[in-house]
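These notes concern the structure reproduced below.
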Amino acid sequence: GAVVSQHPSRVICKSGTSVKIECRSLDFQATTMFWYRQFPKQSLMLMATSNEGSKATYEQGVEKDKFLINHASLTLSTLTVTSAHPEDSSFYICSARRDVGDTQYFGPGTRLTVL
Amino acid sequence: QKEVEQDPGPLSVPEGAIVSLNCTYSNSAFQYFMWYRQYSRKGPELLMYTYSSGNKEDGRFTAQVDKSSKYISLFIRDSQPSDSATYLCAMSAGGGTSYGKLTFGQGTILTVHP
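Chains as they are written, first to last, in the working numbering: chain H, 57 to 171; chain B, 238 to 351.
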């Protein structure tokens, strides 16, 4: 149990385009999902907390107009990187918090490369 | 000072060895402690989850939490080459405005060689 999927697993786009990444909890409901960013050989950095039916909460230094988050259901959250630039290239990982306890289950990640 | 400190290694051990991984932290509000394993280019996989102080065992893995010393450990017995990965400790205060927010250590790169 506790499976989280992400789609796509890898995306390459041109500078200036927008990219949408989906995060789904497959076998449990997740009122809260989180979006992380990970640079090579570094740990995960929380970008934002996504709550079903309400606006996302962004960490300090994360541009909310650039990283649009929508959490339309208890099993789906999306992250849209708008007007992507090469410095946005990174590994984006979502996690879903199981409503019982305080554990998070992570998706397999999406590698974004902006040319 | 970072809230969570973890020796990044790398750590290289022979197959069958006992591995000890550690994290220290400074935030006394942390109550939930987790260890994740991350293979290259994959998302972290939850290995162990502990609430407050104490020990927890699951197969070859044992997690220890000492809140008085602000120190947590993960022990891997009879290590296998398939255990080669990056191990991340993570912590959460669990309530209030930080509800569910995890703070991660830097991760320790472990290699178990045959």
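Note that CB positions come from ideal geometry on N, CA and C, so glycine has one too. Since the structure is predicted, the reported quantities are computational estimates derived from the model, not experimental observations.
Check                                                                                                                                                                       : Outcome
For residue 308(B), I'd like the list of residues in its chain whose CB is within less than 6 Å of its CB, leaving aside the five on either flank, ordered along the chain. : 261
With residue 346(B) as the anchor, note down where its beta strand (DSSP E) starts and where it stops.                                                                      : 345-350
Taking buried to mean at least 16 other C-beta atoms within 10 Å of its own C-beta, is residue 313(B) buried or exposed?                                                    : buried
With distances taken Cα to Cα, identify the nearest neighbour of residue 296(B) among 316(B), 288(B) and 278(B).                                                            : 316(B)
Note down, in chain order, each residue of its chain lying with its Cβ closer than 7 Å to the Cβ of residue 241(B), except the 5 sequence neighbours on either side.        : 260, 262, 326, 328, 340, 341 and 342
Rounded to a whole number of angstroms, what is the C-alpha to C-alpha distance between residue 146(H) and residue 96(H)?                                                   : 8 Å
Just reading off the beta strand (DSSP E) that residue 270(B) is part of, what are its end residues?                                                                        : 269-275
Which value, in whole angstroms, describes the spacing of the CA atoms of residue 43(H) and residue 152(H)?                                                                 : Here chain H covers residues 57 to 171 and nothing more, so residue 43(H) does not appear.
Near residue 257(B), what residues of its chain come up, given a Cβ to Cβ distance below 7 Å and the 5 sequence neighbours on each side ignored?                            : 310 and 312
Judging by CA-CA distance, which residue of 104(H), 87(H), 169(H) and 149(H) is the nearest neighbour of residue 132(H)?                                                    : 87(H)
Among the candidates 120(H), 136(H) and 63(H), whose CA atom is the shortest distance from the CA of residue 76(H)?                                                         : 136(H)
Can you round the beta-carbon distance between residue 118(H) and residue 128(H) to whole angstroms, since I take them to be within the 8 Å contact cut?                    : Their Cβ separation, rounded to whole angstroms, is 20 Å, which puts residue 118(H) and residue 128(H) out of contact at 8 Å.
DSSP three-state call for residue 310(B): helix, strand or coil?                                                                                                            : strand
How many angstroms separate the CA atom of residue 273(B) from the CA atom of residue 293(B)?                                                                               : 15 Å
How is residue 108(H) classed by DSSP in three states: helix, strand or coil?                                                                                               : coil
Would you say residue 149(H) lies against chain B (beta-carbon separation less than 8 Å)?                                                                                   : yes
Note down, in chain order, every chain H residue with its Cβ under 7 Å from the Cβ of residue 271(B).                                                                       : 159
Residue 142(H) by DSSP, collapsed to three states: which one?                                                                                                               : helix
Just mark residue 72(H) as buried or exposed, buried being the case when its beta carbon has 16 or more other beta carbons within 10 Å.                                     : exposed
Mark residue 66(H) as exposed unless 16 or more other C-beta atoms lie within 10 angstroms of its C-beta, in which case mark it buried.                                     : exposed
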